[in-house]
Amino acid sequence: GEPSGPRMVTDSIPGPVSQSRLKDLNQIQPSQSIQLFLDYDRSLGNYIVDVDGNQLLDVYTQISSMPLGYNHPNLLKLLDDPSIVKAFINRPALGAFPGADWPERLSNSLMAVAPPGLKTITTMACGSCSNENAYKQIFMWYRSKQRGHDNFSQEELDSCMINQEPGSPQLSLLSFHGAFHGRTMGCLTTTHSKAIHKLDVPAMDWPIARFPLYKYPLEEHTRENQEEDRKCLEEVEDLIHQYNAKGMPVAGIVIEPIQAEGGDNHGSNEFFQQLQAIAKRNGAAFLIDEVQTGGGPTGKYWCHEHFDLPEAPDIVTFSKKMLTGGYYMKDEFRPSHGYRIYNTWMGEPSKIIVLEEVIKVVKRDNLLENTKNVGEILMQGIHALEDKYPQHINSTRGKGTFIAFNGKDPATRDKIVGNLKAAGIHSGGCGEQAVRLRPALIFQPHHAEIFLDKLETVLGQL
Ligand SMILES: Cc1ncc(COP(=O)(O)O)c(CNc2csc(C(=O)O)c2)c1O
Numbered sequence: 104g105e106p107s108g109p110r111m112v113t114d115s116i117p118g119p120v121s122q123s124r125l126k127d128l129n130q131i132q133p134s135q136s137i138q139l140f141l142d143y144d145r146s147l148g149n150y151i152v153d154v155d156g157n158q159l160l161d162v163y164t165q166i167s168s169m170p171l172g173y174n175h176p177n178l179l180k181l182l183d184d185p186s187i188v189k190a191f192i193n194r195p196a197l198g199a200f201p202g203a204d205w206p207e208r209l210s211n212s213l214m215a216v217a218p219p220g221l222k223t224i225t226t227m228a229c230g231s232c233s234n235e236n237a238y239k240q241i242f243m244w245y246r247s248k249q250r251g252h253d254n255f256s257q258e259e260l261d262s263c264m265i266n267q268e269p270g271s272p273q274l275s276l277l278s279f280h281g282a283f284h285g286r287t288m289g290c291l292t293t294t295h296s297k298a299i300h301k302l303d304v305p306a307m308d309w310p311i312a313r314f315p316l317y318k319y320p321l322e323e324h325t326r327e328n329q330e331e332d333r334k335c336l337e338e339v340e341d342l343i344h345q346y347n348a349k350g351m352p353v354a355g356i357v358i359e360p361i362q363a364e365g366g367d368n369h370g371s372n373e374f375f376q377q378l379q380a381i382a383k384r385n386g387a388a389f390l391i392d393e394v395q396t397g398g399g400p401t402g403k404y405w406c407h408e409h410f411d412l413p414e415a416p417d418i419v420t421f422s423k424k425m426l427t428g429g430y431y432m433k434d435e436f437r438p439s440h441g442y443r444i445y446n447t448w449m450g451e452p453s454k455i456i457v458l459e460e461v462i463k464v465v466k467r468d469n470l471l472e473n474t475k476n477v478g479e480i481l482m483q484g485i486h487a488l489e490d491k492y493p494q495h496i497n498s499t500r501g502k503g504t505f506i507a508f509n510g511k512d513p514a515t516r517d518k519i520v521g522n523l524k525a526a527g528i529h530s531g532g533c534g535e536q537a538v539r540l541r542p543a544l545i546f547q548p549h550h551a552e553i554f555l556d557k558l559e560t561v562l563g564q565l
């Protein structure tokens, strides 16, 4: 079974064995971002065991990307089925040669948890390539609407081959300061969370609006936060009119339901309802990026389900806890011809097979309910510590276990994350000064108690 609690056996992380592996790896590939080498044989449930034998309670699950923690018994059992082995070794070009079971596999996995109102799916491999292709889908949809058909003119056919208008249109997407949508070229133009992601890479001059930044506790700042919503929404509409007028029409608005890399910035239900209305009013698509929020951590499969939107978003992208990439979209976004949105793999059946089992476990063990319950324990516990140490932390916020709180300043946040790690808790930071929690869906109340106990110790020693 899982370790009974964290146990650190080396003075610091990475320990000596990790360091020696790092030297080997660095001979072969750039390794500046490596934190430690993990023992994937001994890590179990909510616990990381690293190659030095340190046991850490993982409240971040790598990059919020492991739905059921490590070595879940149901997933290990999957490979006892010989028919599955063939799906793992014969990787199909799914856009051309899917297996006979592919429609059923998709129905039993991704379509079983589709956001309400969205019935069409495109599978991909990661968050960036999902957003990248969803963006292209939006541009094709927008131009098709403008033209009224898809009988491309010879001028369009010729000009696009040399990246000129009208075939390569001057269109834009509106994104938000603090956003993270990926690091490939198109996504990177809509990503604004850290300079290190963007330096030296060309970017398009597309509109960037402010994402609402609220004062906490919310119930004590209702009026200011409503005013913040109003100002941000006004700026969105102004930018759309500006870019439409200057010949770079906004074809879509792209946004996370909670800005994660940007610092766990939350938007109100009203903000998102109004934003969807602005997109509709201006003929722009509305894409919600659920790569980090999707798959259950907010207590619903999709975070945007909390917003009571009058209709489904046009496109919802996903990856991480869904183990594969892709996006759901409204039927009107289906491309007119095949081969417009395409790549060799279009995702991977082996990941869909594992996802099908993950979804079964989530349903069987009622893990969305669990996430709500254990999230409440964490929220109450962190709020209590905020009351006890207001000089160190503030602005506790979250949905389900998708929780964050701010250090008084970036240095305090870094100390909290560093000292938690030394105490055997693997957490993470985001934005300027937030500490973020992204535990697996199997995180239990006793894990929350261990976390809160260690956090109290760390805060008491600051
Ligand atoms: C909301 C959202 N949208 C898209 C992406 C990109 O997904 P990947 O390309 O990394 O799979 C991410 C990926 N998250 C992420 C966390 S750290 C990181 C990095 O590249 O440093 C990436 C995301 O959080």
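104 is the number of the first residue of the sequence shown in my numbering; add one for each residue after it. Backbone N, C-alpha and C define an ideal beta-carbon position, used for all residues, glycine too.
C-beta contact flag for Y173 and S146 at 9 Å: Numbered from 1 along the sequence shown, position 70 holds the residue referred to as residue 173. Numbered from 1 along the sequence shown, position 43 holds the residue referred to as residue 146. Yes, these two residues count as a Cβ contact at 9 Å.
Pocket of ligand 2 defined by Cβ to heavy atom distance under 6 Å: What this structure holds is ligand 1, not ligand 2.
Distance CB(P452)-CB(R110) smaller than 9 Å: Position 349 of the sequence shown, counting from 1, holds the residue named residue 452. Position 7 of the sequence shown, counting from 1, holds the residue named residue 110. Cβ atoms of P452 and R110: not closer than 9 Å.
Reduced DSSP category for F508 - H, G, I as helix; E, B as strand; rest coil: Counting from one through the sequence shown, the residue named residue 508 turns up at place 405. In this structure, F508 counts as strand in the three-state DSSP scheme.
Contact the region 253-262 vs the region 296-303: 3+ CB pairs below 8 Å: no
Between the CA atoms of F436 and D253 - distance to the nearest angstrom: If you number the sequence shown from 1, residue 253 lands on position 150. If you number the sequence shown from 1, residue 436 lands on position 333. If you take the alpha carbons of D253 and F436, they lie about 13 Å apart.
Cβ pair count under 8 Å reaching 3, the region 496-509 against the region 421-430: no
CA-to-CA distance, K189 to G484, given in whole angstroms: The sequence position of residue 484 within the sequence shown is 381, counting from 1. The sequence position of residue 189 within the sequence shown is 86, counting from 1. So the two alpha carbons sit approximately 47 Å from each other.
Extent of the continuous alpha helix (DSSP H) run through K180: What you label residue 180 is simply residue 77 of the sequence shown in a count that begins at 1. It spans 176-181 - the alpha helix (DSSP H) in which K180 sits, taken as one unbroken run.
Touch test, the region 269-287 against the region 398-413, Cβ-Cβ under 8 Å, three pairs minimum: no
DSSP-derived helix/strand/coil call for C533: Taking the first residue of the sequence shown as position 1, residue 533 is located at position 430. Reduced to three states, the DSSP call for C533 is strand.
Cβ neighbour criterion (16 or more within 10 Å) applied to I151: For the purposes of this step, residue 151 is identified with residue 48 of the sequence shown, where counting begins at 1. Label assigned to I151: buried.
Cβ separation of I241 and A312, assumed to be a contact under 8 Å, to the nearest whole Å: In the sequence shown, residue 241 corresponds to position 138, counting from 1. In the sequence shown, residue 312 corresponds to position 209, counting from 1. At roughly 17 Å, the Cβ-Cβ gap does not stay under 8 Å, so I241 and A312 are not in contact.
Where S256 falls: helix, strand or coil (DSSP): Counting from 1 along the sequence shown, the entry for residue 256 is found at position 153. Coil.
Exposed unless 16 or more other CB atoms sit within 10 angstroms - verdict on Q395: Position 292 of the sequence shown, counted from the first residue, corresponds to residue 395. It is buried - the Cβ of Q395 has at least 16 other Cβ atoms within 10 Å.
Touch test, the region 333-341 against the region 362-378, Cβ-Cβ under 8 Å, three pairs minimum: yes
C-alpha gap between I224 and R467, whole angstroms: For the purposes of this step, residue 224 is taken as the residue at position 121 of the sequence shown. For the purposes of this step, residue 467 is taken as the residue at position 364 of the sequence shown. Approximately 25 Å between the Cα atoms of the pair.
T401, buried or exposed, once every other Cβ within 10 Å from all chains shown has been counted against 16: The residue labelled residue 401 in the question sits at position 298 within the sequence shown. Label assigned to T401: buried.
Local Cβ density within 10 Å of Y317, reported as buried at 16 or more and exposed below that: For this step, residue 317 is matched to residue 214 along the sequence shown. Result: buried.
Strand pairing of G355, partner residues [DSSP]: To locate residue 355, count along the sequence shown from 1; it is residue 252. G355 is bridged to L276, A388.
Unbroken stretches of the alpha helix (DSSP H), 4 residues or longer, contained in the region 269-355: 288-292, 298-301, 325-348
Span of the alpha helix (DSSP H), counted from its first residue to its last, around T164: Position 61 of the sequence shown holds residue 164. 164-167 is the extent of the alpha helix (DSSP H) around T164.
Beta-carbon gap between T515 and L555 smaller than 9 Å: Numbered from its first residue, the sequence shown carries residue 515 at position 412. Numbered from its first residue, the sequence shown carries residue 555 at position 452. It is not a contact, given that the beta carbons lie outside the stated cut-off.
Residue burial classification, Q249 (beta-carbon count within 10 angstroms, cutoff 16): To locate residue 249, count along the sequence shown from 1; it is residue 146. Looking at its Cβ environment, which holds fewer than 16 other Cβ atoms inside 10 Å, Q249 is exposed.
Closest residue to G118 among G527, G108, L139, Q135 (Cα-Cα distance): Position 15 of the sequence shown, counted from the start, is the residue given in the question as residue 118. If we check each option's Cα against that of G118, L139 comes out closest.
I506 and D367 closer than 9 Å at C-beta: Taking the first residue of the sequence shown as position 1, residue 506 is located at position 403. Taking the first residue of the sequence shown as position 1, residue 367 is located at position 264. In contact: I506 and D367 (Cβ atoms closer than 9 Å).
Between the CA atoms of Y442 and E255 - distance to the nearest angstrom: Your numbering for residue 255 matches position 152 in the sequence shown. Your numbering for residue 442 matches position 339 in the sequence shown. Note on identity: in this sequence residue 255 is Phe, with Glu being the wrong assignment. The straight-line gap from Cα to Cα measures roughly 15 Å.
Contact the region 169-186 vs the region 462-477: 3+ CB pairs below 8 Å: yes
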